[in-house]
Each structure stands twice: as C-alpha cells, then as structure tokens.
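These notes are about the structure you will find just below.
Residue numbers (the numbering used here), protein chains in the order written: chain A, -1 to 520; chain B, 30 to 144.
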C-alpha cells in the first residue's frame, strides 16, 4: 500500500499512457468491452489521484524523482542542482489533478453510449487516454522542458479528437487545423523560453530556476512569451479565436475534457507567474495585464455568446467569459503580491475565489456541454432555432440543464454562486469597478441561458421530436455525478475552500516553500 | 560577432515563420511556417550548448583534456524534433481532409465555421 503511494505520481501517468497503447489491441479482440476497459482504467487513475490528494493535503508536497535510487531524493550526494526529471506535486498541482481525473473519468463513462455508433472507437479512446496523460503531466511536472513535452502531448491528442468527426463534414477538420496552429506556436514559444532559461541558469528544474532567478532582460522576454502563449492556450480574449470552433466541433465528452485542458494551461500561467517569478517580477504590471485580459474575456465572451444560435458555440463563448473570472481574481492576487497588508485583507481571498472557480467551472461547464451533447444525441442538431419542447421528452436532461445553467449564472445554492461571491467581495476592495463588471457579466450570462432554456426545452411538443426519448443510462450517470458535485459544492463551500482551495492558494503564493521542497531547507 | 551568427539565423528563421503564418493564405504554407519556427527554436537550443573547439559529448571516448559540448540541449533538440514530426504529420493530414471536404486549401474559402 505504501509503495503504491510512493510511486503514485508515476502510476497516475503510466496507467493511462500504457493503456492508451493497449487500447487498439483490446479493441481488436473485443469492441464491446473497450469502453468499459477505458472507464476502469480512468476510474483507477481517479482513485490513485484521490489517494495522492489525501496524502498531499495532510503531509505536504510530494516529490518523485524519475530514475533516481529513491523517490524523494532530489539531490544525490555531490550535486547542488537536481539533474533528473522530477515530478513536484503541491496542493495546487493536485487540485488541478483532481479536476482532470474526475473530468476524464466521466468523459469515458459518457462516451460509452454517446460514441457507440461511431467507427474508429479504439483511436478515440486511445487519444482520450493520451489527452488525460498530457494534462496530468502538465499539472504534476516540476521540470520546465518536461512541461513542454506534456503540453505537446495534450495538444496533439486534443487536435486529433477535435477533428475526430471529420468523416461526415469538413468543419471539425477546420476547427482542428486552427487549434493545431495555435497550440504548435504556443508550444514552440514555450520551448524558446525554456532555451532562454537554460542558457542563463543551466538548469531545467522550475524550483531551481526560481531560486536563482535574476530577472534579467532575457527573463523578461521569457515571461512575455510564456504569459502570452499560455493565456492563448487558456482561451482568453484577444487570443480566443480558436475556442468557439474547437469546443463546438469536438464530441461533447471531449469538449468537457478540453475545458479542463485549457485550465491546465491556465494553471501553468499561474505557476509561471507565482512559483517561477513571484515578487521578482513587477507584480503590479503583470497583475494588471492579467486583470485586463480577464475583464476583456468576461465581457467580450458573454456579449458574443448572446447572439449565438448554435448551442455548443454559445456555451463555448461562455467558457471564455468564465475564464475571465479566474484571470480576474488571480490577477488581483498577483497585483497585491508585494504588499502583505493588502494580500492578507483581500488578495488571498480573491485568489481563493478564482481557484475555486476553476474547479466549479470545470464541473458546471462540463455538465452543460454534456447536456448539449445529450440534445444532439437525440435530435441530431445543435441549432437552437430547430429545437423546442424537449422538456416533455427528456425530463432528467432538463433538470441537469437547469442545475448547470443556474450554477454558471451564479444563483444560490449552486457552486457558481459560492465562488463568484468570494470574487465579488474581495475584488470590490481592490477596485469596485471590476467587481461591478463581473456582476454585470453574471446577469448577462443568466439572460443568455434563459434564452437557451426557453428555445430548447420549453414550448409544445414538436412534430419531428415526437419519438425523442431520454438519453441512455451511462450518459445520465455522468451528468448526475456532475450535478451532485455542483449541488454539494454549493451547499458546503466552506469545507471545500478550507480543505482544498486554501492550501492550493498558499502553495502558489509561498515561493520559498516551493523551492525548498526540491533544494532542501533554507 | 561571428559567434553570434547562429542567433541571427534563429531570428531570421523565426521571423520568416511568423511572416508566413500571418500573410500566407495557403494551409500547406502555414504548415511550412510552423516548421520554420520549429527549426529556429531547435537551432537556438543547439547553439546554446555549443562550445568553441569542443568534441562530441561521449564521456567514455572523449580525448583527455578536451572540452565537450553540452549534451542536455542536444537531448532537448532531439525530443523536440521527434515531437515536430508528429505535429507536422498531423497538421498535413488535417490539411488533406480539409482539401477533400472543401475542394480548396485557401484560408479565405475555408471558413464555414464563421457563418
């Protein structure tokens, strides 16, 4: 048992990675059990992640040295810098890891019925596993070049998944091409930044770079490159052009995972600005840049969403808008990082709100995309003008949609309300205007989802949807799980914030701890 | 000055790549632009590890007293090249699908998603 725990960082990666290459073999023997095989693998991964989370939240950060004689030995005798690839998982990393594990597990369950009629399923599942591997890697790694590799794994598999349905029409391929260009450039710029760091400091370990950071001109260039490309991958305005296309053309289960994948990039952005640079950078400037990106994303995302007719495209614009909330809160935290008084009075709270919002967003946006997928599964269209009266036929889907829509609009007692309230309160102390914009965006979000609800679910039964039934059980199970999480988080936000979110925020803010875990006590 | 030539080449390669991405409307040419940026990044990494007059970093076979070039950037570049092959293959195959479905690879005409 304890050896499983010691090696859990490697296991979490190895399980989906090896299973991905086993998938075609399993698919050749028996196509029926393929989906169950994947679900079991991702369920096991989720189990291990939860074990790790308990371990990390009680005993502090976890380190895994690949190829080392001992899992926790970062500096073998005679070395002053770590030379091996190290997985460095603190409270923030495992927080993101939990999101990834839950989302990819539910995507596999949902796909059991959702993708049943499609061909080439073994490729679909193999890519889903690779995407999960890439996301876990981005969140767990403590080595900046390793981060680049996992970023590429995640982007290549997500591109292939976005373009998965291109046998019927060209649009998925078009969306895939766009995302591929965006993510290749992002990854190459990350690689260039890695080169800049290596050229100056001769190390690739993030904690070690952080400990010797000089903030020279080259570091500033690296910072600009990293902030730009990572916020592009996270889908913030003005680099959001790929988001609506990619989210709306991918299969619904994959869209849910893609949301989590963008959040992994968001996590990397926070990791770079807090753990790598921390107060050595001009926190006020970078903080305000992130705040402005956030406010723009919030506002432009929601205004673009209101005019959409395609249900998944509409939700994708809302995803951009919600990303804005996360950027806003963390930007405020970063802007006051060098000012301990302000940080204590509202900076930490603002970050707690944003980090909590990351998890909440993954849950309710996942749920909403799954309900959109359920509608598509039964009606065969994503056009809101062609839908109507579906509440008569799909009772549970309607309930789940209401829960998701209420959560995204920030209506109590759902989880969106909990995190948005924290953001409003704390950001108000920093700058009232920002808080007011955030509330306005929330109202517009509600308006837009009332429109979707009205046009898709309400009204009399339509002739062409007479025979529409409720979706199969596996899809209902995935949606029900997410709905339960949303309600629970909404009812007991204090428990989650205290036990899961607060440690994550402290792990980001406290850079000394981050470096000391790798380099020994200071 | 002459030692900085590789860095100038890096800047030119990346600049050309970015130019291609922004101004060319052919999907294949955009793929070429990405490859150019990638070559620039790879050249940058490999140049970082270069030491004047040094030998290949094979620890057991290096002559006494000779300096070796840095092995880590070479490992990084090798990894990045392998990833680049995958990226290029994927992007070209998607361009192929687009050509099949749309009958063109001009970005002005491949824009059904915008409507």
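In this text, a Cβ means the ideal position worked out from N, Cα and C, and glycines have one as well.
Assignment of residue 97 of chain B by DSSP, reduced to helix, strand and coil, places it in the strand class.
Close to residue 147 of chain A, with beta-carbon spacing below 8 Å, are these residues of chain B in chain order: 108 and 112. Residue 135 of chain B is bridged by DSSP to B:55. Of the residues A:262, A:426 and A:455, the one whose Cα lies closest to the Cα of residue 345 of chain A is A:426. The beta carbon of residue 64 of chain A does not come within 7 Å of any beta carbon belonging to chain B, so the residue lies off that interface. Exposed is the label assigned to residue 76 of chain A, since fewer than 16 other Cβ atoms lie within 10 Å of its Cβ. Closer than 7 Å at the C-beta level to chain B, one finds these residues of the stretch 136 to 167 of chain A: 143, 147, 150, 154, 157, 158, 161, 164 and 167. The three-state secondary structure of residue 283 of chain A, taken from DSSP, is helix. A direct Cα-to-Cα measurement between residue 33 of chain B and residue 187 of chain A gives close to 21 Å.
Taking 7 Å as the cut-off, the Cβ atoms of residue 44 of chain A and residue 89 of chain A do not count as close. The beta carbon of residue 99 of chain B is closer than 6 Å to those of 78 in its chain, skipping five residues each way along the sequence. Taking 7 Å as the cut-off, the Cβ atoms of residue 309 of chain A and residue 370 of chain A count as close. Fully contained in the stretch 361 to 429 of chain A is no beta strand (DSSP E) run of length 3 or more. Residue 63 of chain A: member of the beta strand (DSSP E) spanning 60 to 63, first to last residue.
The Cβ atoms of residue 286 of chain A and residue 333 of chain A lie closer than 7 Å to each other. When DSSP assignments are scanned along the stretch 186 to 212 of chain A, the uninterrupted stretches of alpha helix (DSSP H) that are 4 or more residues long and fall wholly within it turn out to be 204 to 210. With a threshold of 16 other beta carbon atoms within 10 Å, residue 166 of chain A falls short and is exposed. Among the CB atoms of chain B, one or more fall inside 7 Å of the CB of residue 182 of chain A.
Residues of the same chain with a CB within less than 6 Å of the CB of residue 253 of chain A, apart from the 5 flanking positions on each side, are 245 and 367 in chain order. At a beta-carbon threshold of 7 Å, the residues of chain B lying near residue 243 of chain A are 142, ordered along the chain.
Counting the other Cβ atoms within 10 Å of the Cβ of residue 41 of chain B gives fewer than 16, which makes it exposed.
Straight-line measurement puts the Cα of residue 476 of chain A at about 8 Å from the Cα of residue 365 of chain A. The way I'd put it, the stretch 407 to 414 of chain A doesn't touch the stretch 335 to 351 of chain A; fewer than three beta-carbon pairs between them come closer than 8 Å. Nearest CB-CB separation between residue 67 of chain B and chain A: below the 7 Å threshold.
Separation of residue 124 of chain B and residue 139 of chain B (C-alpha to C-alpha, rounded to the nearest whole angstrom) is 11 Å.
From the beta-carbon of residue 56 of chain B, the residues of chain A found nearer than 7 Å are 175. For the alpha helix (DSSP H) assignment, the uninterrupted runs of no fewer than 4 residues enclosed by the stretch 207 to 256 of chain A are, from N- to C-terminal side, 215 to 231 and 240 to 247.
Residue 95 of chain A places its beta carbon less than 7 Å from that of residue 47 of chain A.
Within the stretch 241 to 268 of chain A, the residues whose Cβ lies closer than 7 Å to some Cβ of chain B are 243, listed in chain order. One alpha carbon belongs to residue 275 of chain A, the other to residue 220 of chain A, and they sit about 11 Å apart. If you check each beta-carbon in the stretch 462 to 483 of chain A against every beta-carbon of chain B, none falls closer than 8 Å. Between the alpha carbons of residue 243 of chain A and residue 63 of chain B lies a gap of roughly 21 Å. The stretch 382 to 402 of chain A and the stretch 351 to 360 of chain A do not touch, with fewer than 3 CB-CB distances between them shorter than 8 Å. Where residue 316 of chain A is concerned, the enclosing alpha helix (DSSP H) starts and stops at 309 to 333.
For residue 437 of chain A, no chain B residue has a Cβ inside 8 Å of its Cβ, as the nearest lies near 32 Å away.
Pairing residue 60 of chain A with residue 97 of chain A gives a Cβ-Cβ distance that is not under 7 Å.
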